[in-house]
Amino acid sequence: MPNPLYDTLFGQHLQSDAVFLQLPGGDAVTYRSFLETAAQYAGLLTDMGLAPGDRVAVQIAKSTEALAVYAACAQAGLVFLPLNTAYTPDEVAYFIENSGAGCVLGDDSKRVELAAIADRCSARLDTLNADGSGSFADKAARFPTTFETVHRDKDDLAAFLYTSGTTGRSKGAMLSQANLLSNAQTLKQEWCFTSQDVLLHALPIFHTHGLFVATNVTLLSGGRMIFLPKFDLDQMIAHLPGATTMMGVPTFYTRLLGDARFTKALTAHMRLFVSGSAPLLAETHVQFKARTGHRILERYGMTETNMNTSNPYDGERRAGTVGLPLPGVELKITDPKTGAPLPPGQIGEIEVRGPNVFQGYWQMPEKTAEELRADGFFITGDLGVVDADGYVTIVGRNKDLIISGGYNIYPKEIELLLDEQDGVLESAVIGVPHPDFGESVVGVLVAMPDQQPDLDAISTAIGTSLARFKQPQKLVLLPELPRNTMGKVQKKALRDQFATTFA
Ligand code: MCA
Ligand code: AMP
């Protein structure tokens, strides 16, 4: 039965004995064996009573099996909802509750906490560990290695990815089959991927970059991935000779450049290096070219839109720009106050429209209406400018967002927790330059009158509710927060004051 996402990305490889995943220990997983595992998972998920459109929340370490859950959801018509493995139980509870997930898959080490959440939300819980063991794998082993693909339409939902908000809680971005497929097809074409490609994959697979960009493009091309559990410098250096392409966040590139083993000879055979998720400094682009002879191809995207722009494969890759709108993507720069289009050369808010743009936020029609215009343009919250040749440069953000090592951090979420701590009157959370992560988090606190908040105790206290990467690397006390005449906290002044904290 037709199911565009499954058929196009996965189904075409059902009989293929080509290698899909090359694991660091030396094992190789063929397309056929990967899809047999996925079919068993699809059989089990369906047998558990999950029906097309139901959500499957997954907080498991990067592994062949974790990726097979994605394929299984596509085949069974379920909505895949991957979660950062760094999220604390408090954070996970919200996603499960908000999405109404019918099933939760987690690591055995988190079983107790997840069981309490699943119980409360009437969701089924099973475990799946990085080594492929767990109750889910045990049960799935009894299911056939073939599964009759569930009929789905291109406009049916395929995945939810949660993205934080400037105010309030995280929002579930609803992505349809067509959203994912159209972008994968465009990127394969634009970046010239073929079945001969071997992608060095060290990104997490719970976000757009590692899952929908890197993995979907490889699947569509029938290529192979060297599938590393995470970014590790020694592993990257060891596996680069076997790769043809690599995708990473800027931290990957600065870390590689910081290692003397990363040489022109090591990368001479490479076809393409892609960077995104956070700004790549022009300086990094230039250093990379000088060291390796390669020009990193920078592109720009979002959870809600997948990829919007890309520097050209053939043609000039301009340092400091995110390139040109991808085919099929309309991009305009608008006045943030009025929404009126601005001419080339003027800075404004970036808006995009195209088959890549998501379907809205799950059960949040007001939030959706605030960011997705009735005419289909999505207001990105990024500030940019388009030059005479059509190249887009991102010059800042109209949203209060910190990007650390490619992970998004919304200050409001941290400020709400800091404000609750003993002796704290108010707080402001800012991102300041960091040599490794690009930006890092500083929490600025104001004490209640005659109180002396214990900064170490506060760090520990917020640590139980916030993923490690969101926790401020530094907390400081100020007598008061700088405010403008309207009483609004001047975060720019704070960013300037603390700019050299991690220099
Ligand atoms: C780890 N830590 C971090 C981060 N990652 N802190 C701040 N920001 C981070 N990104 C913490 C760890 O918990 C640890 O804490 C300490 O920093 C040192 O860890 P380290 O070993 O250095 O980190 P790592 O494991 O090497 O990870 C760094 C990383 C990783 C490789 C940059 O964060 C990563 O893979 N980032 C990619 C994120 C990504 O895929 N983003 C795409 C989003 P402690 O030692 O104190 O416990 S999709 C997106 O943005 C859009 C759609 C797009 O355009 O792609
Ligand atoms: P996310 O919410 O994780 O999808 O992050 C999307 C945000 O990451 C965008 O709105 C941008 O602010 C930022 N981003 C992604 N790619 C780039 C890039 N190449 N340069 C600058 N910022 C980027």
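Letter 168 of the sequence shown, counting from 1, is numbered 812 in my numbering, and no numbers are missing.
Even glycine gets a Cβ: it sits at the ideal position worked out from N, Cα and C.
For PRO1116 and ASP651, the gap between their C-alpha atoms comes out near 44 Å. Within 10 angstroms of the beta-carbon of GLY816 lie 16 or more other beta-carbons, which makes it buried.
Put simply, the backbone Cα of TYR714 is about 23 Å away from that of ASP763.
Annotation for LEU1016: GLY1004, PHE1022 place their beta carbon closer than 7 Å to its own, counting only its chain and skipping 5 residues before and after. Taking the Cβ atoms as the reference, LEU694 lies roughly 17 Å from LEU649, outside the contact range of under 8 Å. Remark: the C-beta of ARG1041 is outside contact range of ligand 1, defined as less than 8 Å to any heavy atom.
Excluding residues up to 5 positions away in sequence, ILE849 lie with their Cβ nearer than 6 Å to the Cβ of LEU855 in the same chain. If you check the CB distance, THR708 and GLY776 come in under 9 Å. Using a cutoff of 8 Å, the CB of VAL1076 does not count as near ligand 1, since none of the ligand's heavy atoms is closer than that. Less than 9 Å separates the beta-carbon of ASP979 from that of PRO985. With three or more CB-CB distances shorter than 8 Å, the segment 754-768 counts as touching the segment 727-745.
In chain order, ALA730 place their CB closer than 6 Å to the CB of ARG1112, counting only its own chain and leaving out the 5 sequence neighbours on each side. Under the DSSP assignment, ILE881 falls in the alpha helix (DSSP H) whose first and last residues are 877-883.
Ordered along the chain, residues surrounding ligand 1 are LEU847, PRO848, HIS851, THR852, HIS853, GLY854, LYS874, PHE875, VAL893, THR895, GLY920, SER921, GLY945, MET946, THR947, SER1048, GLY1049, GLY1050, TYR1051, PHE1081, ARG1112, PHE1113 [Cβ under 6 Å from any heavy atom].
Taking 8 Å as the cut-off, the C-beta of ARG961 does not count as close to any heavy atom of ligand 2. Contact annotation: the segment 834-853 touches the segment 864-871, with at least three C-beta pairs closer than 8 Å. In the DSSP assignment, ALA737 falls within the alpha helix (DSSP H) that extends over 733-743. Counting other Cβ atoms within 10 Å of its Cβ, ASP782 stays below 16 and is therefore classed as exposed. GLY1025 has its Cβ nearer than 8 Å to a heavy atom of ligand 2.
The segment 1020-1040 makes contact with the segment 988-997; the number of CB pairs closer than 8 Å reaches 3 or more. Of all alpha-carbon atoms in LEU1122, THR1144, LEU884, the one lying nearest the alpha-carbon of HIS1078 is that of THR1144. Shown here for ALA718: same chain residues with a beta carbon closer than 6 Å to its own, the five before and five after excluded, namely LEU649, TYR650 in chain order.
The Cβ-Cβ distance between HIS853 and MET891 falls below 9 Å. An exposed status is given to SER753, since fewer than 16 other beta-carbon atoms sit within 10 Å of its beta-carbon.
Beta-bridge annotation (DSSP): GLU1070 is paired with VAL1090. Residue pairing for LEU968: DSSP places it in a beta bridge opposite SER954.
The criterion of a C-beta distance shorter than 9 Å is satisfied by GLY920 and GLU942.
A residue is called buried once 16 or more other Cβ atoms fall within 10 Å of its Cβ, and CYS747 is buried on that count.
Spatial neighbours of PHE654 in its own chain (CB-CB distance under 8 Å, excluding positions within 5 residues in sequence) are listed in chain order as LEU679, ALA682, ALA715, ALA718, GLN719, LEU863.
Considering only SER677, TYR1054, VAL857, the residue with the shortest C-alpha distance to ALA785 is SER677.
Note on geometry: alpha-carbon atoms of GLN656 and PHE791 lie some 14 Å from one another.
Here ALA828 is buried. Its C-beta has 16 or more other C-beta atoms within 10 Å. Looking at THR807, GLN821, THR889, the one whose alpha-carbon comes closest to that of LYS832 is THR889. Relative to ligand 2, the beta carbon of GLU942 is positioned inside 8 Å of a heavy atom. Per DSSP, LYS1132 lies in no beta strand (DSSP E) segment and is marked neither H nor E.
When the alpha-carbon of TRP835 is set against those of SER954, ALA882, PRO923, the nearest one is in SER954.
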